[in-house]
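For reference, the structure is listed below as C-alpha cells.
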Amino acid sequence: MQALPFSYIARNLRVRRVTTALTAAGMALVVYVFATVLMMTEGIRATLVATGQPDNVIVLRKGAGAEINSAISRQQAAIIETLPGLARDGSRRALASKEPVLLNNLPKRGSGKPSNVTLRGTGAAGLALRPQVRLVQGRMFRAGSSEVVAGRAVAAGFQGVDLGATLRFGGRDWVVVGLFDAARSGFDSEIWADAEQLMAAFRRQSVSSVIVKLADPQHFERLRELIEGDPRLALEAKREERFYAEQSEALANFIRILGTSLAVIFSIGAVVGATITMFGAVASRVGEIGTLRALGFRRTAVLAAFLGESLLLSLLGGVVGLAAATFMQAVDVSTTNFATFAELAFQFRMTPAIAVQSLLFALGMGLVGGFVPAWRAARLKIVDCLRAA
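Residue numbering for the sequence shown follows numbering that gives the first Met the number 0, starting at 0 and increasing by one per position.
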C-alpha cells in the first residue's frame with residue numbers, strides 16, 4: 000500500500016491553525032486533568048510508602064485498620080520487646096518504640112477552619128527507628144516534659160505551630176521546641192511528644208502501636224508467627240512499608256476513580272471537538288481526496304492519512320497537557336486521609352508510567368474522534384469528489 004507522506008499530514012494541520020489550536024487545547028485540558036489525578040494518587044502513595052522502613056515492623060491490635068483504632072497494653076508491649084530477632088542498641092535493649100497515637104483539632108492557616116492533626120507519643124527509640132526524620136529548627140523535646148516537635152507540613156499548614164509557640168491540648172499547655180523534616184513522608188504531618196506525658200494528658204492506659212526493628216529483615220515471617228500465634232497478645236504484625244501502603248489505598252483509589260470519571264466525561268467533549276474538526280477537514284478537501292484517489296492512492300491510504308491527522312492533533316494536545324501537569328509537582332497540597340481522619344500533606348508526583356498513560360489517553364481520544372471522519376473520507380467515490388471540486 001502506497002502511503003501518504005507524513006509531511007502531507009502535518010501540513011494540513013498547519014494550514015488549519017485556528018481549528019487545530021482550539022481542538023488541541025481542548026484535548027490538552029482533558030489530559031491535564033487526567034495526568035493531575037494520576038499524579039495526586041501517586042503523590043499520596045509515595046508519601047505514605049516513604050513513611051515506612053523496610054526493616055521496621057509495626058504491631059497493632061488484631062483487626063485494627065489504623066493506629067488510632069488500636070490498643071496495646073503495657074504488658075503486651077513488654078512481651079513484644081522480649082521476642083527474639085529484634086535489633087538491639089548498645090545497651091542490649093530491643094529497638095522498640097511504644098507509641099500512643101491520637102487526633103487533635105488545630106485551625107488551618109488562611110481559612111482558620113479546624114482540621115485533625117496526628118499526635119504521636121514517642122521517644123529516643125522512635126527517632127532512632129526513623130532515619131529519614133531530622134530536626135531542622137530548635138531541639139528534640141525532653142523526656143518527661145510538656146514539649147513537642149512538629150513536622151514541616153504541620154508548621155506550614157496550621158496556625159500557632161511555630162517554634163516557641165504554645166499549643167493547648169489534653170488539658171495542658173505544650174511548647175513547640177523543634178521543627179523536623181521527614182523527607183516528605185507522612186511524619187511531616189504529625190506532632191510528636193513524649194509518649195508517657197501524652198498518655199497521662201489524655202488518660203490513656205494503653206499505647207496504639209509498637210514499632211520494632213528487625214535484626215535481619217529476612218526474619219519477618221518468624222517474628223509475625225511468634226506475635227500472632229501467642230494467645231496472650233491477640234495482635235498482628237506488618238512490615239511498616241506494607242502498613243503505610245495499605246493506609247494510602249482507600250484515599251488513592253477514591254481520588255483515582257473520581258478523577259478518572261471526570262476526565263472521561265470531559266474527554267467526550269474533546270472527542271466531539273476532534274470529530275467536528277476532522278469532518279470539517281474532510282468537507283473542505285473533497286476535491287483533494289478525489290485527486291489523491293485518481294493518482295492511485297487507495298482508500299486505506301486516505302483513511303490512514305486522515306486518521307494520522309487526528310492522532311497527531313491529539314498527540315499535540317497530550318504533550319501540552321502533560322507539560323502543564325508537570326508544573327503541579329511544585330505545589331504542596333493536603334487532604335484528609337480516610338484511614339486516619341487526619342490531615343496528610345503531599346506533593347503531586349510525575350512518573351514515566353503516568354506520562355505514558357496520559358499520552359495513550361490522548362491518542363485514544365484522537366482515535367475515537369478521528370475514525371469516523373477518516374472512514375467517511377476513505378469511502379468517498381472518485382467521480383463524486385471530482386464533480387464536487
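Built from N, CA and C at the ideal position, the CB exists for glycine as well.
- A straight-line Cα-Cα distance of about 10 Å links A27 and S357.
- Counting only residues of its own chain and dropping the five nearest sequence neighbours on each side, G51 has a CB closer than 6 Å to the CB of E239, E240 and Y243.
- Out of V281, D88, R183 and L359, the CA that lies nearest to the CA of V330 is found in R183.
- Taking C-beta atoms as the reference points, S145 and R171 count as a pair closer than 8 Å.
- Counting of Cβ neighbours within 10 angstroms places T339 among the buried residues, the total reaching 16 or more.
- Take V174, set aside five residues on each side of it, and the residues of its chain with a beta-carbon closer than 6 Å to its own are E146 and T165, in chain order.
- Secondary structure of T81 (DSSP, three-state): coil.
- Secondary structure in the stretch 274-359: the alpha helix (DSSP H) runs of 4 residues or longer, each lying completely within the stretch, are 285-293 and 298-325 in chain order.
- With respect to A361, V30 sits close: the two C-beta atoms are nearer than 8 Å.
- According to the DSSP secondary-structure assignment, A236 is paired through a beta bridge with V58.
- Pairing N103 with F168 gives a Cβ-Cβ distance under 8 Å.
- For T117, the beta-bridge partners assigned by DSSP are L102 and E189.
- By the neighbour-count criterion, in which 16 or more other beta carbons inside 10 Å mark a residue as buried, N252 falls on the exposed side.
- Under DSSP, F168 forms a beta bridge with R171.
- Relative to the Cα of A377, the nearest Cα in the group V17, M277 and E248 belongs to M277.
- Collapsing the DSSP output to three states places Q136 in a strand.
- Per DSSP, the beta-bridge partners of V209 are V58 and K97.
- For the pair G295 and I288, the Cα-to-Cα distance works out to about 11 Å.
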